[in-house]
Amino acid sequence: MASRFPIFTHWLIKPGAPWYAWLLGIIGDFLIIGGAVFLLLQLVPSRWRKGFIAVLTFAAGLIYSVEFFAPADPKTNANLLTGFVQQLGIATNVVYSFALGLGVYNLLRFHGLNVARKRPGWHNNLAFFIAFAAMLFAGLWSQASDAKAAKNLYDMLFEGIVAALGATMFSTIGFFIVSAAYRAFRIRSGEATLMLAAAFVVMLGQVPIGAYLTSSLPTSGFWSNLRFERFSYWILNQPNMAAWRGMSFGIEIGALAMALRTWLSLERGSFFEKEL
Amino acid sequence: MEHATLPIAVLLAALSFSILYKICQALSQQGGDHRSLVLTIFLSAMLVVVPALVIMAVPHVPHRRALGVVVGLALAGLFWYSVRRARKGKPLYIRRIPGLSAIDEAVGRATEMGRPMIFCPGLSGLSLPTLQALSILKHITTIAAKYRTRIIVPVADSVVYTIAEEISKDAYATEGVPEQFNPEDIRFLSDDQFAYASGCVGIMNREKIASNFMFGYFFAESLILAETGHQVGAMQVAGTPAITQIPFFITAADYTIIGDEFYAASAYLSREPTLLGSLVGQDYAKAILVLIILAGAVTLSLAGLGLSWHWLHWPNWLKPA
Amino acid sequence: MYLLLAIVIAVPLIWRMELPIIVSPAVRGVYKAVEKMPSDKLAIIIIYWGSGTTAENRPQVEALMRHLMMRGKRFAVLAFDPQGNEFSYQSGEQIAKELGKTYGVDWVQWGYRPPANLLPLLLSFPKDVIGAFQTDHKGKKLADMPVMRGVKDIKDIGLLADTTSVGELDSWIAYVHGPYRTPIVYGPTAVIAPEAFNSLDAGQITGLLAGMKGAAEYEHLLNEKGFATRAASALSTSHVLIIVLIILGNIGYISSRRRAE
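Residue numbers (my numbering), protein chains in the order written: chain A, -14 to 261; chain B, 397 to 717; chain C, 172 to 432.
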């Protein structure tokens, strides 16, 4: 591990030290480097900060762009920058994970304030704390102990409550789609009628009853194309795919434009124009 | 991992160039901005280097190096001329997008009814759709701050939570009412999809929201959010680049922003020249793709009819190796 | 309306109605991909779904596991959802017991990896499969397991089956199929299935199991009557109900428009 992080851990931590010493060393490295970068940013005059960050953003994006466009060795499928990009991806995940605690802090603060001030419905906020504590305890206990009671408690809470509630919420979509379809599918115009007809064909083609309804049609020849399952497959495979590709082109070009603007610091609006 | 082949690189370069070209023109039209000069110089340099490299890489072309440099310089010169000429051009036009025009109406409705609004920025974490959604959040929060209307922003990602909080605080400060900002209105609910959906449903029902904005990348919970908003009688404006969720928003929401209209939102709402130029550039990029598709369809159809000219199979050059 | 829907779904499940199932070319593609996979290679089943989509994705996974075990082909299960990890392990155990297969010899559960790890894994596992995953979900070393014998890099992976409710197929195509041409079969939920026809038409995926119906068709090909086959009848009746309600709604709409005129 010392050979990967030669900056400080190499000479501060002796070989053979326990794993947590190396972990602390790595964290220390990141704190020191991060602190140095932060200090450097503070030293930059405020009128140059945006330009400085624009240059940094451009350099960071350039690594990925060059890695993608540079020819790769056919044997290893990698070029000079591929290894670096992989490490950068891992580092990005590490930085992202620093924000994990923020969400928990926000939850605890919000619900805690409601309970402390006994706002209307505060007992629901108390239920959050009970659920949070119960799940935390069950998770930690099942990791730390091989006891059957620990596993049973964890299974009861995770599979019996969390998983079941998730499945229940997803199931409500089935009910909502009925009311939404009943409300929305109206024959208001020619296009709406065509859409409705296509929806009927695709819906019936997706289920066995559609195949049953047109089972009297031949399985080959021209009339076989009117069987619900074949007609539905054709709609999904031809017009649907064409429409999907058209929309995808538009969306991906929009995403390309936004990515270019962000990379070249041309983006405007919201937080991009904030004074630093 | 996959790396660019020459045809893909050329295609991406052409699409990117068309977008940046229009941004350049828009900035030039605005005038007095150093970004215009920096971008023009950067793109000119790219125009000299990239075509020259491409021509030099193609075998059996006579006097490759000289030809590459001449073509590159000619293209760069043409580009520079058109950018400078754009200063005298007409302002860029974009058509009306009903969903985005309805945002002001939705905020007004909430103000008149004296009920709060809710803004759901989707579930995809810090990504391009979420950045775009946060741009729209800034616009809505600015109007909400002006009219002293409450806006609740439940988020499903810790990083997005910090940015949403900054944006809201900034919007209220810009409107001169920083004391109106309530940090409890920006809430992290859960990163679990259906826990987030249930939290939003609870907020909509308890707070009796008057307007529901759903912008960002959504998954299966989109219908739950939209239907609940409909049931509480909220006016709903939704936009997502997730094509699979658009039908749900169309059936349940009052206004839906489809496909690349979502990415046009920031340009439409702010009318910033850079963003307008980028939007027009996107249309140019789409035109390039349409021409390639049409040309490919025609030539491959001719090849399929039995014509044996070798160049008819040029679309195969675009296939990955 | 909601009560009617609940009844219409429950009745076929309780009374076990059976309707004929016609197999689509997309599902046949999945079947053929598994049949064609060389026996000395390893298949990977990706689990990127949770409790919400268990009804659609779990039958797909079970049908895939059953097919692979029936043909004596090794596979590994990699999960990006903790709930999906548990469900798939339970399914694997149950089917292995039925077909007389052994964990660690015929199949292995690599376990749960956080979704944030997807990209680093995609970059690292094609070069060194065992090095990228190290242990199974119980912490046992993969290098010691007979099922992983001879599996070094992506060339030893014969098939990738992505079952998902999230729709991250583009990542697998970009990082696995694109550079290495590993066959991919896709098992999405029915909602996100239409977007996969692009990839199917382009040859980037070999087959497609669209939701529960796809799983029912696959079970039909395997001559198995699993949950998806039973539930397909409930799907049918619920679709018919929605169509009837839409027709009734339109009749009401047209008559009210005529009255207004």
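Backbone N, C-alpha and C define an ideal beta-carbon position, used for all residues, glycine too. Every value quoted in this text rests on a predicted model; they were computed, and no experiment measured them.
Taking the Cβ atoms as the reference, L412 of chain C lies roughly 5 angstroms from V179 of chain C, within the contact range of under 8 angstroms.
Residue C:A367 holds the alpha-carbon nearest to the alpha-carbon of E339 of chain C among C:R352, C:V322, C:A367. Comparing C-alpha distances from R187 of chain C to each of C:Y389, C:I425, C:A405 shows the shortest one belongs to C:A405. The C-beta distance from Y389 of chain C to V201 of chain C rounds to 6 angstroms, short enough to meet the 8 angstroms contact threshold. Taking C-alpha positions only, F53 of chain A is separated from A448 of chain B by approximately 20 angstroms. Pairing E580 of chain B with A541 of chain B gives a Cβ-Cβ distance that is not under 9 angstroms. Secondary structure of Q71 of chain A (DSSP, three-state): helix. By alpha-carbon distance to P365 of chain C, the top candidate from C:M236, C:A197, C:I192, C:A332 is C:A197. When C-beta distances to chain C are compared with 9 angstroms, the residues of the stretch 566 to 594 of chain B below that value are D588, Q589, F590, in chain order. In the displayed model, Y489 of chain B falls within coil according to three-state DSSP, outside both helix and strand. Taking 9 angstroms as the cut-off, the Cβ atoms of V633 of chain B and M610 of chain B count as close.
Taking the Cα positions, D566 of chain B is about 11 angstroms away from L533 of chain B. With distances taken between CA atoms, M383 of chain C lies nearest to A:Q191 out of A:F37, A:Q191, A:A21, A:Y49. A residue is called buried once 16 or more other Cβ atoms fall within 10 Å of its Cβ, and G321 of chain C, having fewer, is exposed. The closest CA to that of G151 of chain A, considering only C:L190, C:G255, C:P209, is found on C:G255. With contact defined as three or more Cβ pairs closer than 8 angstroms, the stretch 412 to 425 of chain B and the stretch 675 to 687 of chain B are in contact.
Rounded to whole angstroms, G397 of chain C and H238 of chain C show a C-alpha spacing of 13 angstroms.
Between the alpha carbons of W248 of chain A and L211 of chain A lies a gap of roughly 51 angstroms.
According to the DSSP assignment, A405 of chain B belongs to the alpha helix (DSSP H) that extends over 402 to 426. Residue burial annotation: L47 of chain A is exposed, with fewer than 16 other C-beta atoms found within 10 angstroms of its C-beta. Counting only the Cα atoms, L524 of chain B lies some 41 angstroms from G700 of chain B. Between P350 of chain C and T377 of chain C a beta carbon distance of about 17 angstroms is seen, past the 8 angstroms cut, so the two are scored as non-contacting.
With a contact defined as Cβ atoms closer than 8 angstroms, I328 of chain C and I215 of chain C qualify at about 6 angstroms. With fewer than three CB-CB distances shorter than 8 angstroms, the stretch 545 to 554 of chain B does not count as touching the stretch 628 to 644 of chain B.
Taking a 10 Å sphere around the C-beta of M154 of chain A, we find 16 or more other C-beta atoms and assign the residue as buried. Interface residue (Cβ-Cβ distance to chain C less than 9 angstroms): I639 of chain B is classified as such.
Residue environment analysis places S618 of chain B among the buried positions, since at least 16 neighbouring C-beta atoms fall within 10 angstroms of its C-beta. Under the three-state reduction of DSSP, Y90 of chain A is assigned to helix. Within chain C, G223, T224, S336, T360, V362 have C-beta atoms less than 8 angstroms from the C-beta of A616 of chain B, given in sequence order. Neighbours of Q421 of chain B across chain A, judged by C-beta separation under 9 angstroms, do not exist; the nearest C-beta is about 13 angstroms away.
Of all C-beta pairs linking the stretch 220 to 228 of chain C to the stretch 109 to 116 of chain A, fewer than three are shorter than 8 angstroms, placing the two stretches out of contact. In the assembly as shown, P224 of chain A is an exposed residue. Its beta-carbon has fewer than 16 other beta-carbons within 10 Å.
At a cut-off of 9 angstroms, the C-beta of F234 of chain A has a neighbouring C-beta in chain B.
Nearest in C-alpha terms to A244 of chain A, of all of A:Y49, A:K(-1), A:L9, is A:Y49.
S164 of chain A belongs to the set of residues whose beta carbon lies under 9 angstroms from a beta carbon in chain B.
Residue range 225 to 241 is occupied by the alpha helix (DSSP H) that includes M241 of chain C.
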